[in-house]
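Heads up: the sequence lines are chains A and B, in that order. Okay, so the first sequence: first residue is 1222 according to the numbering used here, each after it adds one. Okay, so the second sequence: first residue is 101 according to the numbering used here, each after it adds one. Here a beta-carbon is modelled for each residue, glycine too, at the ideal position from N, C-alpha and C. Remarks on the structure that follows.
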Amino acid sequence: DQAVSDRELQEMSTEGSKYVNKEIKNALKEVKQIKTLIEHTNDERKSLLSSLEEAKKQKEDALTDTKETEMKLKASQGVCNESMMALWEECKPCLKQTCMKFYARVCRSGSGLVGRQLEEFLNQSSPFYLWTNGDRIDSLLENDRQQTHVLDAMEDRFKRVSSIMDELFQDRFFTREPLDTYFSSFGSSPRRSLYFSPKSRLAR
Amino acid sequence: NIMPFPMFRPPHFQDMFQPFFDMISQAQQAMDGHPHRLPYEFPMAEFTADHDNRSVCKEIRHNSTGCLRMKDQCEKCQEILSVDCSASDPSQNQLRQELNSSLQLAEKFSKLYDDLLQSYQQKMLNTSFLLKQLNEQFNWVSQLANLTQREELYPLQVTTVASHSSDSSVPTGFTRVVLKLFDSYPIMVTVPEVSWDSPMFMETVAEKALQEYRQKHRV
């Protein structure tokens, strides 16, 4: 047996609809708050980006100076070649032994291959590389390469997200204020009167 | 019709919210789905001993340059650093000083750049978190709009209400309500028996129905 009449079901639907409307309004209010936060974060990001550009310029200037001075020093490397080479021949075995000990203790895997590779590296290297701090320069250049790559990757993400968010936030819904006025406009629509003010239909 | 210009009538529920679902999802994918690994390991940042060791191991395996970091432990290698070639070329001393200063400066700026990159990455993580929140708060509304094709609907429509006396499968002391949210599939909720006239009744039913809907459509 149908214990609940159609009229009662209708009334229940009306009451339940009020709750759903309220929840939709709450969700939209929160969305607007999140929108403000996203915009704020984006402003901070832009200002950070200009600091990054400035720091990049300083870093690159210092790197250029470093490389230029290194070139000048390399050009005159023949001057103390003899004494430097003698020291290098004594430095190599110690460096190899210290490095292999470290590798076996800390890195653990593939010592044989690393040993052969290291020997080849040391034989091909020049003491001037150490003398001019070549390892530090190489490290800086490698960092520079990685930093550029990481910033490009992050920028790429931000660009794509920003373009979607701009489109989203330019929607009429986000540009109209205040929220309640917006919702009341649903009620004034002849076609949509039931959505957010279902009682008006019952009254009619 | 009280609208002065009918062609500018307010947008429909589905017209308004439907596109948001796709857009927010796209934004999240763009933020989270990039193939580049994150978070980035900052080489110039302060390392823990373990982390530092790992990066040296990597350098040794890669091209052996990591071994040169150990030059300080070998006397003869250190001597190379202090070789003075200025006797035959006085400009060398100055050049070495210049190299050291510019190297220190470059390392300082590289470290500063790393710090800024880390802050930048943090902004990205914040944005990603906000997008996730946006999705959680809003996804169910836009998905409801996605489901809704017809216009003349209540947001919530009750189709059947049953208690133990009318349907023996309903536990004693409970009421079972079947309803739809816009054009959604039928949602069945069971609530403790309260008078149907009580305002609390439909509020509890609607709350439970929305919870179920949101749960099912959580991304």
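Against chain B, the CB of A:SER1332 has no partner CB under 8 angstroms away; the residue lies outside that interface.
For the region 1279 to 1295 of chain A, the set of positions with a beta-carbon nearer than 7 angstroms to some beta-carbon of chain B reads GLN1279, LYS1280, ALA1283, LEU1284, ASP1286, THR1287, THR1290, GLU1291, LYS1293, LEU1294 in chain order. Among the residues of the region 162 to 173 of chain B, those with a Cβ less than 8 angstroms away from any Cβ of chain A are ASN163, SER164, THR165, GLY166, CYS167, LEU168, ARG169, MET170, LYS171, GLN173, in the order of the chain.
C-alpha of A:THR1262 to C-alpha of B:LEU230: approximately 10 angstroms in a straight line. B:GLU303 is the residue among B:SER284, B:PRO286, B:GLU303, B:TYR285 whose C-alpha sits nearest the C-alpha of B:PRO292. In the three-state reduction of the DSSP assignment, A:THR1353 falls in the coil class. For B:ASP297, same chain residues with a beta-carbon under 7 angstroms away, outside a window of 5 residues either side, do not exist.
If you look at B:PRO292, you'll find it in the beta strand (DSSP E) that goes 287 to 292. By the neighbour-count definition (other C-beta atoms within 10 Å, threshold 16), B:PHE301 is a buried residue.
Looking at the DSSP output, B:PHE274 shares a beta bridge with B:PRO292.
Note that the C-beta distance between A:ILE1245 and B:VAL241 is below 8 angstroms.
In this structure the region 269 to 286 of chain B does not touch the region 1272 to 1286 of chain A; the number of beta carbon pairs closer than 8 angstroms is below three. For B:GLN222, the three-state secondary structure derived from DSSP is helix.
Listed along chain B, no residue sits closer than 7 angstroms to A:LYS1246 by beta-carbon distance, the nearest being about 10 angstroms off.
Residue range 299 to 316 is occupied by the alpha helix (DSSP H) that includes B:VAL305. Here the alpha carbon of B:LYS223 sits roughly 44 angstroms from the alpha carbon of A:LYS1317.
At least one beta carbon of chain A lies nearer than 8 angstroms to the beta carbon of B:TYR213.
The C-beta of B:MET170 has 16 or more other C-beta atoms within 10 Å across all chains shown, which makes the residue buried. In this structure, the alpha-carbon of B:ASN163 lies about 52 angstroms from that of B:GLN315. Distance from the CA atom of B:MET123 to the CA atom of B:PHE238, rounded to whole angstroms, is 11 angstroms. The residue among A:SER1360, A:TYR1350, A:SER1268 with its C-alpha nearest the C-alpha of B:LYS211 is A:SER1360. Within the region 186 to 199 of chain B, the residues whose Cβ lies closer than 8 angstroms to some Cβ of chain A are SER188, ASP189, SER191, GLN192, LEU195, ARG196, GLU198, LEU199, listed in chain order. Contact of B:ILE180 with chain A by beta-carbon distance below 7 angstroms involves MET1305, LEU1308, TRP1309, CYS1312, PRO1348, LEU1351, TRP1352. Against B:ASN153, the close residues of chain A are PHE1323, VAL1327, CYS1328, in the order they occur along the chain (beta-carbon pairs closer than 9 angstroms).
Under the Cβ criterion of 8 angstroms, A:ASN1344 is not counted among the residues facing chain B. Remark: three or more beta-carbon pairs, one from each stretch, lie closer than 8 angstroms, so the region 1344 to 1353 of chain A and the region 1306 to 1314 of chain A are flagged as touching. Taking all protein chains in view, the Cβ of B:ASN246 is crowded by 16 or more other Cβ atoms within 10 Å, so the residue is classified as buried. In this structure, B:LEU199 places its C-beta atom within 8 angstroms of the C-beta atom of A:GLU1291.
In the DSSP annotation of this structure, the continuous segment of the beta strand (DSSP E) that includes B:ALA262 starts and ends at 256 to 263.
Across the structure, B:GLN178 and B:GLN218 are spaced so that their CA atoms are roughly 35 angstroms apart.
For A:GLY1237, the enclosing alpha helix (DSSP H) starts and ends at 1227 to 1296.
For A:GLN1338, the nearest beta carbon of chain B is closer than 8 angstroms to its own beta carbon.
In this model, B:PRO286 and A:ASN1364 are separated by some 58 angstroms (Cα to Cα). For the pair A:ARG1378 and B:MET131, the CB atoms are nearer than the 8 angstroms cut-off. Interface criterion not met: the Cβ of A:SER1268 is under 8 angstroms from no Cβ in chain B. Between B:ILE287 and chain A, the shortest Cβ-Cβ separation is not below 8 angstroms.
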